[in-house]
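Contents: one structure, followed by commentary.
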Ligand SMILES: NC(=O)c1ccc[n+]([C@@H]2O[C@H](COP(=O)([O-])OP(=O)(O)OC[C@H]3O[C@@H](n4cnc5c(N)ncnc54)[C@H](OP(=O)(O)O)[C@@H]3O)[C@@H](O)[C@H]2O)c1
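Residue numbers (our numbering): 94 to 420.
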């Protein structure tokens with residue numbers, strides 16, 4: 094395979110017919126991993142999708158916190174590329190159960206990176222805007238991280254482990270994600286849908302923390318661009334940022350969802366002081382994406398209202414009402 098330096102796999106079970114090379118995706122049962130698998134397959138890669146508790150037939154089940162399983166998986170499949178999406182990404186959960194979260198976000202990343210280096214695979218590690226404290230946006234790729242919570246610290250440690258074992262890896266930092274979900278609770282954006290629908294209940298939502306909701310599909314296109322370019326240009330390495338540019342608080346996201354679906358949203362009220370919760374969050378960790386843009390690897394994000402309509406329509410309560418919104 095041009096551009097990569099590993100051998101043929103012993104087994105290629107479950108791998109699609111792509112011709113560009115083998116890409117192994119961790120977290121393929123999650124929000125971003127699903128979009129990444131779909132995009133890479135569409136773009137002609139052989140995709141080895143891996144998950145854990147939700148792994149169905151066609152997806153490899155591998156507990157990334159088990160060194161033995163990771164070793165065997167990589168030895169068996171010898172991917173050219175690994176896109177590492179798996180993580181515990183809920184800041185409050187990380188704060189409440191730090192040991193298991195650090196085991197996945199840091200230790201498993203270190204093990205996977207070591208194994209990636211051993212089999213000569215290019216590693217693309219997905220990280221977060223929460224590595225920044227949000228006090229002085231926008232943040233460039235070389236700005237100093239200063240995470241406010243344990244989730245951000247764990248992802249920063251993960252970045253360092255990835256770069257320590259695979260100095261030629263790419264770290265791609267992204268902000269809050271949404272996309273096609275199996276349940277609305279799967280993303281911190283789509284979960285607002287339930288609150289928007291329940292117009293009998295007054296609901297206060299944060300109106301202090303600026304966010305840049307980004308569609309998983311757009312991130313997946315960026316991942317595919319990075320992998321393709323890397324096959325021709327080994328200088329594609331280091332830290333990259335990708336983010337949509339529409340700035341919104343949670344309150345504004347909920348109002349925008351109401352607008353998109355022509356739903357009343359007077360019951361949604363702004364909360365002008367940060368709410369309680371175990372994890373502190375940055376006020377505005379806007380990512381500047383100049384490295385991706387300079388290399389022509391960024392993609393134009395879809396407008397929030399159009400993208401959120403697509404993601405939430407399967408959850409609309411009744412077909413007649415759906416027709417009113419969509420026609
Ligand atoms: N979602 C966001 O708003 C957001 C924002 C910024 C950055 N990110 C980053 O983007 C990446 C993807 O996030 P996401 O939203 O797609 O996460 P997600 O939907 O919560 O998915 C997490 C994935 O990790 C897998 N996983 C959990 N424990 C595992 C284990 N022990 N072994 C193997 N796999 C395991 C899960 O597999 P099973 O479900 O099969 O157990 C699932 O596929 C993460 O690195 C996250 O830090 C996300």
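Virtual Cβ for every residue (Gly too), placed ideally from N, Cα, C.
Check: residue i C-beta below 8 Å from any heavy atom of ligand 1
{"i": "residue 145", "result": "yes"}
{"i": "residue 311", "result": "no"}
{"i": "residue 123", "result": "yes"}
{"i": "residue 279", "result": "yes"}
{"i": "residue 120", "result": "yes"}
{"i": "residue 155", "result": "yes"}
{"i": "residue 181", "result": "yes"}
{"i": "residue 351", "result": "no"}
{"i": "residue 232", "result": "no"}
{"i": "residue 331", "result": "no"}
{"i": "residue 222", "result": "yes"}
{"i": "residue 84", "result": "This structure leaves residue 84 out entirely; the chain is present only between 94 and 420."}
{"i": "residue 158", "result": "yes"}
{"i": "residue 178", "result": "yes"}
{"i": "residue 268", "result": "yes"}
{"i": "residue 126", "result": "yes"}
{"i": "residue 81", "result": "Only positions 94 to 420 of the chain appear in this structure, which leaves residue 81 out of reach."}
{"i": "residue 141", "result": "no"}
{"i": "residue 361", "result": "no"}
As assigned by DSSP and simplified to three states, the class of residue i
{"i": "residue 397", "result": "helix"}
{"i": "residue 196", "result": "helix"}
{"i": "residue 147", "result": "coil"}
{"i": "residue 315", "result": "helix"}
{"i": "residue 244", "result": "helix"}
{"i": "residue 335", "result": "coil"}
{"i": "residue 105", "result": "Caution applies to residue 105, whose pLDDT of 39 falls short of 50 and renders its modelled position unreliable; the value that the coordinates give is listed next. Correct three-state label for residue 105: coil."}
{"i": "residue 383", "result": "helix"}
{"i": "residue 350", "result": "helix"}
{"i": "residue 287", "result": "helix"}
{"i": "residue 220", "result": "strand"}
{"i": "residue 225", "result": "coil"}
{"i": "residue 376", "result": "coil"}
{"i": "residue 177", "result": "strand"}
{"i": "residue 264", "result": "strand"}
{"i": "residue 323", "result": "helix"}
{"i": "residue 189", "result": "helix"}
{"i": "residue 388", "result": "coil"}
{"i": "residue 154", "result": "strand"}
Rounded C-alpha distance that separates residue i from residue j
{"i": "residue 193", "j": "residue 404", "result": "30 Å"}
{"i": "residue 322", "j": "residue 132", "result": "15 Å"}
{"i": "residue 181", "j": "residue 281", "result": "14 Å"}
{"i": "residue 244", "j": "residue 187", "result": "6 Å"}
{"i": "residue 402", "j": "residue 168", "result": "42 Å"}
{"i": "residue 95", "j": "residue 171", "result": "Caution is warranted here: a pLDDT of 47 is assigned to residue 95, below 50, making its placement in the model unreliable, and the coordinate value is therefore given only provisionally. Those two C-alpha atoms are separated by around 15 Å."}
{"i": "residue 144", "j": "residue 388", "result": "31 Å"}
{"i": "residue 304", "j": "residue 155", "result": "33 Å"}
{"i": "residue 134", "j": "residue 277", "result": "25 Å"}
{"i": "residue 108", "j": "residue 296", "result": "Only weak support is given to the placement of residue 108: the predicted model assigns it a pLDDT of 46, under 50, and the value that follows is read from those uncertain coordinates. Computed Cα separation, rounded: 46 Å."}
{"i": "residue 101", "j": "residue 117", "result": "Low confidence applies to residue 101: its pLDDT is 48, below 50, so where it sits in the model is not reliable, and the reading given next is rough at best. If I take the Cα positions, the gap works out to 14 Å."}
{"i": "residue 162", "j": "residue 204", "result": "11 Å"}
{"i": "residue 127", "j": "residue 301", "result": "31 Å"}
Identity of the residues DSSP links to residue i by a beta bridge
{"i": "residue 142", "result": "118"}
{"i": "residue 299", "result": "364"}
{"i": "residue 308", "result": "271"}
{"i": "residue 215", "result": "174"}
Cβ neighbours of residue i in the same chain (closer than 7 Å, five flanking residues each side left out)
{"i": "residue 239", "result": "225, 226"}
{"i": "residue 368", "result": "299"}
{"i": "residue 191", "result": "243"}
{"i": "residue 400", "result": "308"}
{"i": "residue 347", "result": "285, 288, 289, 298, 358, 361"}
Spatial neighbours of residue i in its chain, beta-carbon cut-off 6 Å, leaving aside the 5 residues before and after
{"i": "residue 279", "result": "124"}
{"i": "residue 179", "result": "119, 120, 157"}
{"i": "residue 105", "result": "Model confidence at residue 105 stands at a pLDDT of 39, short of 50, so the residue's coordinates are unreliable and nothing is read from them."}
{"i": "residue 251", "result": "198, 199, 202"}
{"i": "residue 337", "result": "305, 307, 394"}
Neighbourhood of residue i by C-beta, 8 Å cutoff - its chain only, sequence neighbours within 5 removed
{"i": "residue 232", "result": "222, 225, 334, 378, 379, 380, 381"}
{"i": "residue 290", "result": "356, 410"}
{"i": "residue 351", "result": "289, 357, 358, 361"}
Residue i Cβ short of 8 Å to ligand 3 heavy atom set
{"i": "residue 248", "result": "The ligand content of the structure shown is limited to ligand 1, which means ligand 3 is not among them."}
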